[in-house]
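Each remark here refers to the structure printed beneath this line.
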Amino acid sequence: MTDDTLVLRSPGRAERTRRALAAAALNRLRADGSFTTEEVAADAGVSLATVYNRFPEGRDGLMAAAFDAVLDRVVEVTGLLGVERLLEDGLEQVATDLLEGLATVFEEESRVMRAALAQLSESQTLRHAYRDHEAQTLVIITRFIRLGQAAGRIATGDPEEMAVAVLVLGQGLNNPALLGGTKRPQVMARLSDLLTLMLSPEQ
């Protein structure tokens, strides 16, 4: 009998080095809000030549890798939008969990987001990472709305149009006026109510 067991291969040395460099850049951004290629090389214990071998774009490539990691967290939180959770917990709870999750990521990764977004217009690599993750997020939201509408738990309307509205509301949480504000709980409650009202079939 043939053994069909799937064997997962560990990443090779080149990929491990790339990941170590990306992690070093991310850690620098989280701590200081910036980094130099030389600092990342030293933190990862490799030569400057190795950095450019793994990231030909240099600092832009390292910044994009760090930004990717943070945007992955945003996409992961958006995954809370599942129709199963909608049916079990209700729209209000799902909306609250989504916004609280996003606000937590934006707060914890504020230095990374600020550094990356400041360079967005100048870096095609960063723009590609941003647009790719935004597209992933829209797919998740749109699917949630379509399934929720089919179950009678989401208001009728153009799912893609509604998904963009949810996306924009979520992106707006990345704002110092909210994250560093003394009225954050109250503002978050209002935003959650707004999202619930926007999606509720009982309008």
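So that you can map any letter, position 73 of the sequence shown is 73 in our numbering, and since no number is skipped, the others follow by simple counting. Note that beta-carbon positions come from the ideal geometry of N, C-alpha and C, so glycine has one too. Computed from a prediction, not measured in an experiment: that's the story for all the values here.
* Asked: With distances taken between CB atoms, is the gap from T125 to E38 smaller than 7 Å?
  -> no
* Asked: T96: beta carbon under 6 Å from a heavy atom of the ligand GTP?
  -> Of ligands this structure carries none, so the ligand GTP is not represented either.
* Asked: Roughly how many angstroms separate the alpha carbons of I141 and S47, rounded to a whole number?
  -> 43 Å
* For N53, count neighbouring C-beta atoms within 10 Å of its own C-beta (all shown protein chains included) and say buried if the count is 16 or more, exposed if not. => exposed
* Shortest alpha-carbon distance to M188 belongs to which of E107, L99, L167? -> L99
* **Limits of the unbroken alpha helix (DSSP H) element including F55** => F55 -> no alpha helix (DSSP H), and no H or E assigned at all.
* Asked: What residue from P185, V74, A150 has the CA that sits closest to D132's CA?
  -> Closest option to D132, Cα to Cα, is V74.
* To do: Could you check what DSSP says for I154 in three-state terms: helix, strand or coil?
  => Note: I154 maps to coil in three-state DSSP.
* Asked: Any idea what DSSP makes of Q119, helix, strand or coil?
  -> coil
* Look at the alpha carbon of E84 and the alpha carbon of G90, and state the distance between them as a whole number of angstroms. => 10 Å
* Environment of S34 [buried if 16+ CB atoms lie within 10 Å] -> exposed
* To do: Using alpha carbons as the reference points, say which of Q186, A151, G79 lies closest to R134.
  => A small fix is needed here, since residue 134 is Glu in this sequence, not Arg. Per the Cα distances, G79.
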